[in-house]
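The sequence shown runs -8 to 784 under the numbering used here. By construction, the Cβ of each residue, glycine as well, lies at the ideal position given by its N, Cα and C atoms.
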Amino acid sequence: MRLASVVLDIPTQALDAPYTYIVPESDAAYAPVTLFDEVDAAPGTDGEELAVEVGCAVVVPLGSRKVVGFVLDVRDLDEGNAPDGVDPARLRPIDAVASKPYFNEEGAACARWIADRYIAPLSACVRLFTPPGAVPKMTRSPYGAWQLVAPETQEADDRWIVPGPAFDDFQPRKNAAKQDAVVSALKSGGEAKVVELTAQVGAVSGAIAALEKKGVVTIEHRRRMRSVGDAAASAAPVRPSASAPKLTDDQARAVELVVQASRRGKGEAVLVDGVTGSGKTEVYLRAIEDVLAHGRTACVLVPEISLTPQTVGRFRRRFGDKVAVIHSRMSPGERYDQWDFIKSGLARVVVGARSALFTPLENVGLYVIDEEHEGSYKQDSAPRYHARDVALWMAARNGAAVVLGSATPSIETLHACAKDPRFHRALLPRRANGRPMPDVQVVDMAKEFGSGSRSMFSLALKRALEEELSAGRKAVLMLNQRGFAKFLLCRECGFVPECPSCSTSLTYHERGAELACHHCGRREPAPGRCPECGSPYLKKFGAGTQRVESELRGLLDEMEGVGPDVPIIRMDADTTSRKGAHQQLLETFAAADAAVLLGTQMIAKGLDFDDVTLVGVINADTTLHIPDYRASERTFSLVEQVAGRAGRAELPGRVLVQTYEGDSVPIRAAAAYDRAAFLKDELPKRKLLRYPPYAAMANVLVWGKNESEVAAEAEAVQKAVQTSVRDFGGDGWSVLPAVPCVLAKLRNTYRWHVVVRAPAGEDLSRALLPFMRRRRAHPSVSVAVDVDPFDVL
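As structure tokens, this is what we get:
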């Protein structure tokens, strides 16, 4: 007898453990044709019989219903080999197999690890490894029967017409114009696509059917790969480029370090710590060339969709059609085709967002995580994994290496390089073309306000815009905004109310006009005047991109030598929501002579334009005063990253950073490219307040529609977690009081949280996992755990 461990495709903690089913000996292979509704076979199977294997979808009984599940393990049942607590006599058999395997044993092991590490439903973790939108599901018919419904996303086919056995002897009748057109098309081209023929001569379905019946033509269905509409898949084949720039000495050392780590195959990590423009991407390319030469593959992650077209273009120029791409702006069909391309083994390099980690790429020798400091590598819904940590786990299992690249590495990664022997650091302190980093000028907006200026653009920024644009050059302006993070700021002296216990700004709440700390729960009335200087000019930050664009347009129209012909290209959540919008906007900016690219944080990194000579940060303070322990680090990274967009080629660059916090260490340090000064100020605070990397953290989230129920459940969860932590941990473990989240109400849902801390290196998951597994679900309140949260907002 063979047994299979099956996780049900139902994302709930209540059904989280795998169930054991029998693989019937009498029929180890299944033909699932009859289980599908109006389809001939399971997608991608070509009607072949399917066996029970790790990674395939199966139909299994659960009580009186049928459900889809995924096979995690198949083993023979020997004497005394039954799973604990399982009576083989009571096991039920698998009903049918619904797909080929989506993943292998390594994928199953990784799903289990993610479920335990991030305390997430196992089914949700397994789903990471399945093709997007291409998993069958069970539904109940109007008559009560369970039936397997084919996935919404399947292979796309084109119909082609080719000559049949009677083609050479056939002569169309004189009045059969459509048949004559079909035959003529085949005589001239040898074959024809039905859709193209229809576009040329009109509806030909009847003529084709008649010719097929006579044996004159044959209709073939051929797989069509849906284009992703950017550099990832163009209509013309892409040839690998033999040319590559000469490496600098720093780049050569970095490549050697990565190559040696990859060849050792011990799961090591290399931080490529290089200033903007230092040639980090070329280091990745050279290291991947070595990996491919040794018969292995590579996975490259980028943090922003806006970076994907440029990055994919560079990789395809080097590696040709061996590059696949995966990101969320692709249609389900496009993502499925790329997934299938990877599954076929033809793709050797995968480029994409964090989900690209889970594609069926085999024999991976190198994982590259570009801009590794970015928060987008942390998933904000279950399973709340961090792509960096999953890649490190995969590399250790697969005998690969991980490259972490950034001009502003995260504090956690810098700490790992100092403490963990598996981490190495390659420095690229200079730009690859030898050009200097642009000068950064900090503009004190409090002084501007005091001198009578009420504009959001300082006099220095206005002059710089006029000088650069009138000379036919380009500018990038970043609006540093986070719409929900409202804080008070005095426009006279720059004072921002802060919590005395937590070293973070107090968040302004419209309801009740009060200030609150979302770490310790402190609350106080919002002042009518500045407590420091008595000024009534207390501003609730900040402004949106549409308003900035409107004021900027008026400003440019009045400038001599600039005027209305200079375009403003705005990149934000609104203008980039349409598919392909990122690429289109960047192409428009690149094609213009003089132009301004105005955007949010998405334009701060990775963009490479030779003729950008001016960068302006309109309001550097917003991230600085987000009530989160990473606020200073985010501000430092953002300012230094966006500064690197200027002066990347022969033309010199300059950067203006507008701030009401002219003496702020993160801003001053970023302006001077002085990471040591920033860390000297930041690390003692992290250590004193017990934040990462000096502590392990978890954020227990509680949410629901009823405010009082959420508050009560949050208090109960806090007490239960405190008991669990007390039983598991020792000194240095703590559970903070349950408090409302910064976004206390989101989409009519009330949100509370409980923050748990432990000494660095301790496994918080082991302490919290038993509590979550045995917890009885509340009928209207949800609870989840975010291990290693990127923020606690």
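Which of helix, strand or coil DSSP assigns to residue i
i     : result
K169  : helix
I85   : coil
G695  : strand
D149  : strand
Q191  : helix
Q138  : strand
M(-8) : coil
T632  : According to the sequence displayed, residue 632 carries Gln and not Thr. Helix.
A455  : helix
G485  : coil
T579  : helix
E706  : helix
W743  : strand
E540  : helix
I617  : coil
T25   : In this predicted model, T25 has a pLDDT of only 39, less than 50, meaning its place in the structure is not dependable; the value taken from the coordinates is given anyway. In this structure, T25 counts as helix in the three-state DSSP scheme.
D154  : Correcting the residue identity first, residue 154 is Pro in this sequence and not Asp. Reduced to three states, the DSSP call for P154 is strand.
M469  : strand
Exposure label - residue i; buried when at least 16 CB within 10 Å
i    : result
A200 : exposed
C508 : buried
G193 : exposed
K204 : exposed
L479 : buried
N471 : buried
A125 : buried
R277 : buried
H318 : buried
P770 : exposed
L450 : exposed
P112 : buried
Y327 : buried
Q162 : exposed
E540 : buried
S568 : exposed
T3   : exposed
R345 : buried
L547 : buried
Distance cut-off 7 Å: residue i Cβ against heavy atoms of the ligand NAD
i    : result
D782 : In the structure shown, the ligand NAD is absent, as is every other ligand, since no ligand is present at all.
Residue i versus residue j: straight-line alpha-carbon distance, rounded
i    : j    : result
V117 : G60  : 10 Å
A289 : A338 : 10 Å
C490 : E631 : 27 Å
L456 : E211 : 60 Å
Y275 : V394 : 8 Å
V776 : A729 : 14 Å
R520 : P684 : 38 Å
F158 : W151 : 15 Å
V648 : G607 : 6 Å
S773 : V693 : 6 Å
P23  : Q138 : Its pLDDT being 39, under 50, P23 is placed unreliably in this model, and the coordinates cannot settle the point.
Q191 : K169 : 11 Å
V266 : A663 : 13 Å
R308 : V778 : 39 Å
V174 : D149 : 19 Å
A87  : T144 : 21 Å
Expected contact under 8 Å - CB spacing of residue i and residue j to nearest Å
i    : j    : result
A391 : G356 : 5 Å
L588 : V467 : 5 Å
R421 : S628 : Incorrect: roughly 20 Å between the Cβ atoms, too far for contact.
Start and end residues, alpha helix (DSSP H) containing residue i
i    : result
Q649 : That residue, Q649, is in no alpha helix (DSSP H); its beta strand (DSSP E) goes R645 to T650.
S196 : S196 to K204
C101 : E96 to R108
K736 : That residue, K736, is in no alpha helix (DSSP H); its beta strand (DSSP E) goes V730 to L737.
I210 : Here I210 belongs to no alpha helix (DSSP H); instead the beta strand (DSSP E) covers V208 to R215.
G324 : P323 to K334
T404 : I402 to K410
F120 : F120 -> no alpha helix (DSSP H), and no H or E assigned at all.
Residue range of the unbroken beta strand (DSSP E) whose run includes residue i
i    : result
M385 : From DSSP, M385 is part of no beta strand (DSSP E) but of the alpha helix (DSSP H) over A378 to N389.
Y10  : Y10 to V14
C508 : Looking at the DSSP string, C508 is not in any beta strand (DSSP E), and its letter there is neither H nor E.
Q251 : Run containing Q251: none in the beta strand (DSSP E); it sits in the alpha helix (DSSP H), D240 to R255.
I559 : I559 to M562
I317 : V314 to I317
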